[in-house]
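J.: Each residue of the sequence shown is one higher than the one before, counting from 31 in our numbering. Sharing a structure, written as structure tokens. Questions coming.
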Amino acid sequence: MTSSGSCSVVGITGRLDREARTVEAMIRLYCRAHHGPADGPCAECRDLAAYARERLARCPFQEKKPTCAKCPVHCYRPDRREAIRAVMRYAGPRMLFRHPLLAVAHLADGLRRPAR
Numbered sequence: 031m032t033s034s035g036s037c038s039v040v041g042i043t044g045r046l047d048r049e050a051r052t053v054e055a056m057i058r059l060y061c062r063a064h065h066g067p068a069d070g071p072c073a074e075c076r077d078l079a080a081y082a083r084e085r086l087a088r089c090p091f092q093e094k095k096p097t098c099a100k101c102p103v104h105c106y107r108p109d110r111r112e113a114i115r116a117v118m119r120y121a122g123p124r125m126l127f128r129h130p131l132l133a134v135a136h137l138a139d140g141l142r143r144p145a146r
């Protein structure tokens with residue numbers, strides 16, 4: 031995550047960039063509520079955000095990527111998968127209030143059929 035809180039990864043464009051921004055917004059919401067730093071995400075959450083960006087950059091589906099819940103490929107390590115699930119469980123419902131455009135776009139992406 032950059033200091034402005036936006037994604038800046040080579041190889042991530044368009045829909046994947048929006049997905050990266052969505053995941054990073056979720057991580058910021060989760061971290062603020064669970065770890066408390068007001069000046070940005072803690073080191074653990076910054077590390078999780080970097081890992082998520084790396085996984086998105088290496089996604090075999092690229093722009094046709096389904097949402098993680100519908101993806102046939104489990105690209106996260108088990109420990110990271112549990113961490114991101116905890117983030118999404120907490121932040122998902124709150125995204126509608128804090129980041130409504132990203133939340134609605136993510137919900138619309140979830141209606142797409144999974145890539146094969």
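Don't be surprised by glycine CBs; every beta carbon is placed ideally from N, CA and C.
Is DSSP giving H136 helix, strand or coil here?
T.: helix
J.: CB C89 to CB L132, shorter than 8 angstroms?
T.: no
J.: Where does E54 land, buried or exposed, given buried means 16+ other C-beta within 10 angstroms?
T.: buried
J.: I think H104 touches T52, with their Cβ atoms under 8 angstroms apart; what is that distance to the nearest whole Å?
T.: Not really, about 19 angstroms apart at Cβ, beyond 8 angstroms.
J.: From what residue to what residue does the alpha helix (DSSP H) around R83 run?
T.: 73-87
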